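Number 277 marks the last residue of the sequence shown (the UniProt record's numbering); no jumps. The C-beta atom is built at its ideal place from N, Cα and C for all residues, glycine as well. Just so it is clear, the structure is predicted and the values come from calculations on it, not from any experiment. Step one of this worksheet: look at the structure below.
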Amino acid sequence: MVTVKLNDFNLEQIADSGQCFRMNKISDNEYFLIAFGKCLKISALSKDEFAFDCSKKDFDTIWKDYFDLDTDYSLYKNSVDKNDIFLQEAIKYGYGIRILRQELWETTISFIISQRKSIPAIKSAIESLSASFGSPIYYKDEVFYAFPTPKQLAISSLEELSKHGLGYRDKYIHQLSNNVSSGEFDLDKAKNLNYDDAFKFLTSIYGIGTKIANCIALFSLHKIEAFPIDVWIKRILEDEYNNNFDISRYDGYAGILQQYMFYYARSREYSKIQKNK
């Protein structure tokens, strides 16, 4: 068990920010996460104190980096235009969001699945794939399943994949799994590219367009200049900024602000404000 004090860190906000799909609430102050072939339970002991149910070694070598804990997010927050009322409110509302550094393969497949799907449906499809093709993980007398590797997915037929709620996305996943597994395509090449080149590389993959490439770049490669635009962000840019949001003002880290926008846009609080306008 590792207990740490953290600023700008909130389990609920991170779990519900749309970045990851295998971090789930198990009680009022506890969340359970499966990533990198490991299980992790995190407990909020207070607003700024958290207990990670893992070894010190795993905390230092996996989870500290995964949650981007060495980054001071106040620097980004303090740079925001004081006159931008919406963004200031979004930052206050989602103060504890951090940009995760997730495994590239899992993030790529997860966001291919995410196209035109609700978050519950995405989670369901990912759990179904993991239970059917992933390796078992034993945690406190229970069995969970790691996200399947390219080889584990490549052995399945397109027909088998279609049984897991993937819809039209099954063919994208089938082809990419086979190409990566055979060595024909090296997905890890993206890790060594700058944002522009990584974006071009990712959009060259069958089934990956602009939004998905930006999600992968932001939530796995940690290209925090990536700015994914989905229906929520598009609505915000139209309603709050009349399509004149100056992304260049936040050059190099606009993706962090995008997450505050996205999380706040989906909240009940923002819905109430919109109704009262």
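Following the DSSP letters along the chain, one finds residue 136 in no alpha helix (DSSP H) but inside the beta strand (DSSP E) bounded by residues 136-139. In the three-state reduction of the DSSP assignment, residue 243 falls in the coil class, being assigned neither a helical nor a strand state.
With respect to the C-alpha of residue 53, the residue from 47, 34, 70, 258 having the closest C-alpha is 34. Here the C-alpha atom of residue 174 lies approximately 20 Å from the C-alpha atom of residue 211. Per DSSP, residue 80 is not a residue of any alpha helix (DSSP H), being assigned neither H nor E. Looking at 167, 149, 166, the one whose alpha-carbon comes closest to that of residue 177 is 149. Look at the segment 175-215 and you find these whole runs of alpha helix (DSSP H), each 4 residues long or longer: 195-203.
A contact is defined here as three or more CB-CB pairs under 8 Å, and the segment 118-137 meets this definition with respect to the segment 145-163.
Secondary structure note for residue 168: it is in no beta strand (DSSP E), with a DSSP letter that is neither H nor E. Just so you know, the alpha carbons of residue 247 and residue 157 end up roughly 43 Å apart. Contact holds between the segment 94-108 and the segment 254-264, because three or more Cβ pairs, one in each stretch, are under 8 Å apart.
Contact annotation: residue 37 and residue 263 have beta-carbon atoms that are not nearer than 8 Å.
When the Cα atoms are used, residue 5 and residue 49 turn out to be separated by approximately 4 Å.
Here the segment 107-121 lies against the segment 211-227, with 3 or more beta-carbon pairs under 8 Å apart.
A distance below 8 Å separates the beta carbons of residue 202 and residue 217. Judged by pairs of C-beta atoms under 8 Å, the segment 191-198 does not touch the segment 228-242, as fewer than three such pairs exist. DSSP places residue 64 in the helix class (H, G or I) of the three-state scheme. In this structure, DSSP gives residue 100 a state outside helix and strand, which the three-state scheme calls coil.
Here DSSP, grouped into helix, strand and coil, assigns residue 23 to strand. No Cβ-Cβ contact shorter than 8 Å links residue 71 with residue 220. Here the alpha carbon of residue 13 sits roughly 10 Å from the alpha carbon of residue 260.
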